[in-house]
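Enquirer: Residue numbers (the UniProt record's numbering): 1 to 130.
Quick reminder that beta carbons are idealized off the backbone N, C-alpha and C, glycines included.
Computed from a predicted model, the values in this text were never measured in an experiment.
The structure is given below, and queries will be raised subsequently.
Structure below.
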């Protein structure tokens, strides 16, 4: 069963990683990381193509208002995995609590390389200074 399916007006439908039945129960200060590769990212096909790469969306971390409030996050979040930390601007999104979405492979958001985390794994989450 797929964990992500497109539904008009929503980013994706939660399958196995639903708010009511996650693989694990994140505690305060933790979240499940959910990723997706945007069409234009930090991929090799854009090397030497600054005009094309320049049209990519700015990487952000998406989380629920309750998750942001619980962790004192307003504008910028620091997401930490076993290997390192990524700091991204925050966009509040209608999604399950204690879940963060971030682009998988965008400038400033290299989830596997920098965090050492994969889809559905726990990361720590806290506010970062601007």
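(1) So, with DSSP's three-state summary, where would you put residue 122?
(2) Around the C-beta of residue 117, are 16 or more other C-beta atoms found within 10 angstroms, so that it is buried, or is it exposed?
(3) Could you pull out every residue in the same chain whose Cβ sits closer than 6 angstroms to the Cβ of residue 101, ignoring the five residues on either side in sequence?
(4) Enumerated in chain order, which unbroken segments of the beta strand (DSSP E) with a length of 3 residues or greater are wholly contained in the UniProt domain "Molybdopterin dinucleotide-binding" (53-108)?
(5) Among 111, 95, 67 and 64, which has the Cα closest to the Cα of residue 87?
Expert: This is what the structure holds:
(1) Taking the first residue of the chain shown as position 1, residue 122 is located at position 122. DSSP places residue 122 in the strand class (E or B) of the three-state scheme.
(2) The sequence position of residue 117 within the chain shown is 117, counting from 1. Burial call: buried.
(3) Within the chain shown, residue 101 is the residue found at index 101, counting from 1. Excluding sequence neighbours, residue 101 sits near 34 and 62.
(4) As far as the UniProt domain "Molybdopterin dinucleotide-binding" (53-108) is concerned, its whole beta strand (DSSP E) runs of at least 3 residues are 61-63, 76-80, 85-92 and 99-103.
(5) Taking the chain shown and counting its residues from 1, one reaches residue 87 at position 87. The candidate whose alpha carbon is nearest that of residue 87 is 111.
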